[in-house]
């Protein structure tokens, strides 16, 4: 078992992302297992309110938060195929972190943003449970977060070599998530709505830098937007840098804090105003001569 | 005040379960009091979204999560009779943990699963507040979580002997919660719905092992189910081991991760499909000759 | 960088209050930044469900929880004017704590309850990002919680002198929040509803001690209450010390756990019963001769 002082860059942190919700003790029992197996480990809760079974949304949140985390163990469990033949993974990445979770696409975008997969491993449930002292209890068929992934993360955080609880896998065999949908049009982009945040900002599945063909768009430019499948009037959105630059009721388009295109209103919900939800598609068209 | 190194099995962990919700700072202020009284203590949040005043539901969550926790101090506050004559408890259990909370049945099922109550104590509010350095402030009549239970848990976690802040009580005098309702029928069971989880799985108040008279049910068996007080058609539920074994729209019956009987659909909410809520009663009848 | 042992009263705690919600990883990324900059720091989550942009509500929760916290760094981000010219603050207070957040009134009530502002500082974003090793990344215009305030809090928690990342400001120049609204009437008070808690208790913007002109009200007294702008019957509320003293359906008035006047029912929601929400105004009139 490692001493934090021996492996200072890794530290004793385990980030945790799930779709369990805070209710019912499902998240807590994973943290309890971690505390039992690795008393020095600390859990940093990334998010537990991902839509149930929504692997893509979980992958997106994990990918965008993980670059801000110190090098550590990342445990992510959105696992609709628990108990079936989907494979349980441990991935080491080029930055040095270790990612643990199901092989359903949840981990790969995060692994890629950390430099790519260095080694892929398949967790061996029997070895995980033996090493974590859980061998005498019966693992469930429906909650590998608690019975397999959390103890594996705890063991690795405590310094156990991944090779002692897993067998090598071919990184090329890993399941990829379906990517966010967007494509360039002649004078703009068409992009999926990835997320509505708590403020009602509408985040699109396209990076701000990809928006303008050339030259780069600048504050003051404007775009027309059309929501696919809706017989609504086209809206105008003015390019701004932050919310406070918008007049009351004025729709804005900005580079959000993750580098994506977002639609926003100042102090109220753009999503409600536009009646859009995650998964819808929005077309943005540059207003020529307006800027 | 103990050093973690002196009492390694107990560690510096305090688990916390309440019905306060995350909003308004009610949970946080308990953690703040703990941080003030026992700076080395760490709080593991079990659940704060229990229905307000629902002692039975809180007792159930505490009981099922606590076996996965390391030996430590467990603080639980669902306390509808705060400020009345209900007694404030500290229980030591055979496994070595210490449970702190109101004497209303919340702690007992958890104590029993940890081997049973070893010693029962009644917290002395004046001594708790004196030892925790809060003596000069006025405790409230409505928030003993903050003013009595949290400081008591912090003191005990920091190594103070329970006997210094409490007086002995007769374990036989403790208030028991009303038990979950279920009973066997000639060819099945009748059981209360204990919980709907975030996935819409319907957990019943009966352990899976109690379901089948003999021989044990096996995957492929099926049950008819009837919801008491509802004039609905009977549904069929097939016994499976995990969600992914169910066809779209097919209702399943499985041993959930806590060992109970649960009704489930694959990827969608069985509770919505059946229109059931916690507290309803469901009758399960084995389909003879189907398995 | 300080060792905890060198500054024991400050400890390694950072409290965190935001209006980000738990979803989407916005809170987590702030905690991740803190973990990256100050690995020994621990985050105590005060509340993240404040109404979006509701600086007054955030200031109220911060103010009431902060006296229960040990001396430490307090990070609060409710920041509707992010990216505009509102100033980023670090305040040292007489008790010794350091408060970090936007200059919009969020921090001042908390600073005042901790003895008042000792020194006011304006954070220098370039220096914060240089000291925290983030200089090479581009800060966003819309998320200073992650890009400025969290690294500043981490640096200060790790022992860096505030003067190295900030310039002095005049404490008299700080923005004050609009105060909660209440005033005495001839025989009672008129007060704004500050908060509805999870139990449906209605907290008013007036301290219990201010309620009765003279002599002090005592349990058993009663008040008539009228909700401004509603054509509803007047209700009676009996003064009690705790919820359990109320009969089923009886409305009570009590000193809540923060010292304010609250209206409550026993085991059910007074807010639903009265159809009141935060921001409404309630008039309380003492019933002469009833006590």
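Protein chains in written order, with our numbering: chain B, 7 to 297; chain A, 7 to 297; chain V, 7 to 297. Note that CB positions come from ideal geometry on N, CA and C, so glycine has one too.
The CB of residue 262 of chain V comes closer than 9 Å to the CB of 146, 148 and 149 in chain A, given here in chain order.
A contact is defined here as three or more CB-CB pairs under 8 Å, and the stretch 49-56 of chain A meets this definition with respect to the stretch 33-52 of chain B. When C-alpha distances from residue 62 of chain B are compared across B:167, B:200, B:18 and B:124, the shortest belongs to B:200. By the Cβ-count criterion, residue 144 of chain B is exposed, with fewer than 16 other Cβ atoms from all chains shown falling within 10 Å of its own Cβ. Per DSSP, residue 195 of chain A is not a residue of any alpha helix (DSSP H); the beta strand (DSSP E) it occupies stretches across 194-202. The CB of residue 83 of chain B never comes closer than 9 Å to any CB in chain V; the least such distance is about 15 Å. In terms of Cα proximity to residue 166 of chain V, the closest of V:151, V:84 and V:136 is V:136. Around the beta carbon of residue 184 of chain A, fewer than 16 other beta carbons sit within 10 angstroms, so the residue counts as exposed. For residue 98 of chain A, the closest alpha carbon among the candidates A:133, A:191 and A:106 is that of A:106. With a threshold of 8 Å between beta carbons, residue 278 of chain B makes no contact with chain V. Taken in chain order, the unbroken stretches of alpha helix (DSSP H) that lie wholly in the stretch 66-151 of chain V and span 4 residues or more are 114-119 and 131-137. Cα atoms of residue 154 of chain A and residue 174 of chain A: separation of roughly 17 Å, rounded to the nearest angstrom. Annotation: residue 262 of chain A to residue 290 of chain V spans about 52 Å, alpha carbon to alpha carbon. Residues of the stretch 35-59 of chain V whose Cβ lies closer than 7 Å to any Cβ of chain B, in chain order: 35, 37, 38, 39, 41, 42, 45, 58 and 59.
Spatial neighbours of residue 87 of chain B in its own chain (CB-CB distance under 8 Å, excluding positions within 5 residues in sequence) are listed in chain order as 108 and 110.
Residue 116 of chain B and residue 271 of chain V have their C-alpha atoms roughly 49 Å apart.
Neighbourhood of residue 201 of chain V in chain A, by CB distance below 8 Å: 30, in chain order. Boundaries of the beta strand (DSSP E) around residue 212 of chain B: 208-213.
Note that the stretch 17-30 of chain B touches the stretch 74-81 of chain B; at least 3 beta-carbon pairs, one per stretch, sit closer than 8 Å. Interface criterion met: the Cβ of residue 27 of chain V is under 8 Å from a Cβ in chain B. For the set A:194, A:257 and A:119, the Cα lying nearest the Cα of residue 215 of chain A is the one of A:194. Partner residues in the beta bridge of residue 233 of chain A, as assigned by DSSP, are A:288.
In this structure, residue 288 of chain A lies away from residue 156 of chain A, with their beta-carbon atoms at least 8 Å apart. Straight-line measurement puts the Cα of residue 224 of chain A at about 23 Å from the Cα of residue 131 of chain B.
Going by C-alpha positions, residue 227 of chain A is about 10 Å away from residue 242 of chain A. In this structure, the alpha-carbon of residue 163 of chain V lies about 36 Å from that of residue 211 of chain B.
Residues of the stretch 225-237 of chain A with a C-beta atom less than 9 Å from some C-beta of chain B do not occur. Note on geometry: alpha-carbon atoms of residue 133 of chain V and residue 191 of chain B lie some 41 Å from one another.
Unbroken alpha helix (DSSP H) runs of no fewer than 4 residues, entirely contained in the stretch 20-44 of chain A, are found at 32-43, following chain order. Counting only Cβ-Cβ distances below 7 Å, residue 67 of chain V has no contacts in chain B at all, with the closest Cβ about 16 Å away.
Taking a 10 Å sphere around the C-beta of residue 266 of chain V, we find 16 or more other C-beta atoms and assign the residue as buried.
At a beta-carbon threshold of 8 Å, the residues of chain B lying near residue 152 of chain V are 74 and 263, ordered along the chain. Between residue 148 of chain V and residue 260 of chain B, the C-beta spacing is below 8 Å.
Interface residue (Cβ-Cβ distance to chain A less than 8 Å): residue 101 of chain V is not classified as such. Remark: C-beta atoms of residue 103 of chain B and residue 64 of chain B do not approach each other more closely than 8 Å. Secondary structure of residue 157 of chain B (DSSP, three-state): helix.
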